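Visitor: Using UniProt numbering, read the sequence shown as starting at 1 and increasing by one per residue. For every residue, glycine included, the Cβ atom is placed at its ideal position computed from N, Cα and C. For clarity, every value in this text was computed on a predicted model and none was experimentally measured.
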Amino acid sequence: MPATILIVDDEQDLVDMIKDALEDEGYRVLTATDGNGIFPLLKHQPDLIVLDIMMPGLDGIEVCRAIRETVACPILFLSARREVEDRIEGLTAGGDDYLTKPFSLRELKARIAAHLRREQRSALGKEMTVLRFGNLTIDLKQRKVHVRNREVPMTGKEFDILRFLALHPGQVFSREQIYEKIWGFGEGSSATVTEHIKKIRAKLAAAEPGLNPITTVWGIGYRWEK
Numbered sequence: 001m002p003a004t005i006l007i008v009d010d011e012q013d014l015v016d017m018i019k020d021a022l023e024d025e026g027y028r029v030l031t032a033t034d035g036n037g038i039f040p041l042l043k044h045q046p047d048l049i050v051l052d053i054m055m056p057g058l059d060g061i062e063v064c065r066a067i068r069e070t071v072a073c074p075i076l077f078l079s080a081r082r083e084v085e086d087r088i089e090g091l092t093a094g095g096d097d098y099l100t101k102p103f104s105l106r107e108l109k110a111r112i113a114a115h116l117r118r119e120q121r122s123a124l125g126k127e128m129t130v131l132r133f134g135n136l137t138i139d140l141k142q143r144k145v146h147v148r149n150r151e152v153p154m155t156g157k158e159f160d161i162l163r164f165l166a167l168h169p170g171q172v173f174s175r176e177q178i179y180e181k182i183w184g185f186g187e188g189s190s191a192t193v194t195e196h197i198k199k200i201r202a203k204l205a206a207a208e209p210g211l212n213p214i215t216t217v218w219g220i221g222y223r224w225e226k
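(1) How should D20 be labelled, buried or exposed, when 16 other C-beta atoms within 10 angstroms of its C-beta is the threshold for buried?
(2) Residue range of the alpha helix (DSSP H) that K203 falls in?
(3) Let me know the secondary structure DSSP gives I60 once reduced to three states.
(4) Check for me: the alpha helix (DSSP H) holding I214 runs from which residue to which?
(5) Is it the case that the Cβ atoms of A110 and C64 are separated by a distance below 8 angstroms?
(6) Alpha carbon to alpha carbon, how far is I182 from F164?
(7) Would you call F39 buried or exposed, if buried means 16 or more other Cβ atoms sit within 10 Å of its Cβ?
(8) Could you please give the first and the last residue of the uninterrupted beta strand (DSSP E) stretch that includes G156?
(9) Looking at C-alpha atoms only, which residue of S104, H44, R68 is the closest neighbour of residue 250?
(10) Apart from the five residues just before and just after K141, which ones in its own chain have a Cβ nearer than 6 angstroms to its Cβ?
(11) Which runs of the beta strand (DSSP E) spanning at least 3 residues fall entirely within the UniProt domain "Response regulatory" (4-116), listed in chain order?
(12) Output yes or no for whether 8 angstroms exceeds the beta carbon distance between L14 and L51.
(13) For the beta strand (DSSP E) that K181 lies in, which residues bound it at each end?
(14) Span of the beta strand (DSSP E) holding K144?
(15) State the Cα-Cα distance for the pair R180 and G221, rounded to the nearest angstrom.
(16) With three or more C-beta pairs closer than 8 angstroms as the rule, is the stretch 196-205 touching the stretch 152-160?
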């Protein structure tokens, strides 16, 4: 069954262009031209949402926050805003990617395909009990980490962060997203994520010099590299 892509943008010409391009790739495409129009289309359970930020009425950030608790699929923001702060706001609101206008249709299609592949790998990973990345092994069931068959001790939260990132390779998560995923909502500071990742990196590097699968995406967050 082809993947279902939902496009939400108030520029009808742009929506039509993206729709034609994605249908040529074999995707099933749903469209809306304002923020409110997305809600009745969610019943179709899209595999990915392309969401414009700057729309009249309910904008893309507000839409993302409203649906993120019930919609698990990747959300790719489109926006004419190019500042780092705007990208951070979009990712913090629950977005998975951010593409600035004007953009290349080839790049948009490539990003959509990449996100869908990651979702497939993530679904497969949830069925797996052991993840392997070179000499690094993560036992999801026993909650143990090994490097070259030697156990690397991790605290509960360190393991949770490691598992979360490893199950979504290549995907960028802000500190706020990681904090909400691991600690949940409530009092606390996302700065603790930085400290935990420093400790994870130090432990992995001590087990094997140069081993650092968690990279920093400056101004945005962290990404697990294969």
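Guide: Straight from the coordinates:
(1) Counting every other CB atom within 10 Å of its CB across the protein chains shown gives D20 a total below 16, marking it as exposed.
(2) K203 -> alpha helix (DSSP H) spans 191-207.
(3) The amino acid occupying residue 60 in the given sequence is Gly; Ile does not appear at that position. Three-state DSSP puts G60 in a helix.
(4) I214 -> not in any alpha helix (DSSP H); beta strand (DSSP E) instead, spanning 214-217.
(5) With a cutoff of 8 angstroms on beta-carbon distance, A110 and C64 are scored as not near each other.
(6) Approximately 8 angstroms between the Cα atoms of the pair.
(7) With fewer than 16 other Cβ atoms within 10 Å, it is exposed.
(8) In the DSSP assignment, G156 falls outside any beta strand (DSSP E) and within the unbroken alpha helix (DSSP H) covering 156-166.
(9) There is no way to answer for residue 250, as the model of the chain reaches only from 1 to 226.
(10) Close CB contacts of K141 within its chain, under the 6 angstroms cut and outside five residues either way in sequence, are with T129 (chain order).
(11) If we require 3 residues or more, the beta strand (DSSP E) runs fully inside the UniProt domain "Response regulatory" (4-116) come out as 4-8, 28-32, 48-52, 75-79, 97-100.
(12) Not in contact: L14 and L51 (Cβ atoms no closer than 8 angstroms).
(13) Where K181 is concerned, there is no enclosing beta strand (DSSP E), although the alpha helix (DSSP H) it sits in stretches over 175-182.
(14) Element bounds for K144: 144-147.
(15) For the record, residue 180 in the displayed sequence is Glu; it is not Arg. Computed Cα separation, rounded: 14 angstroms.
(16) Contact holds: three or more Cβ-Cβ distances are below 8 angstroms.
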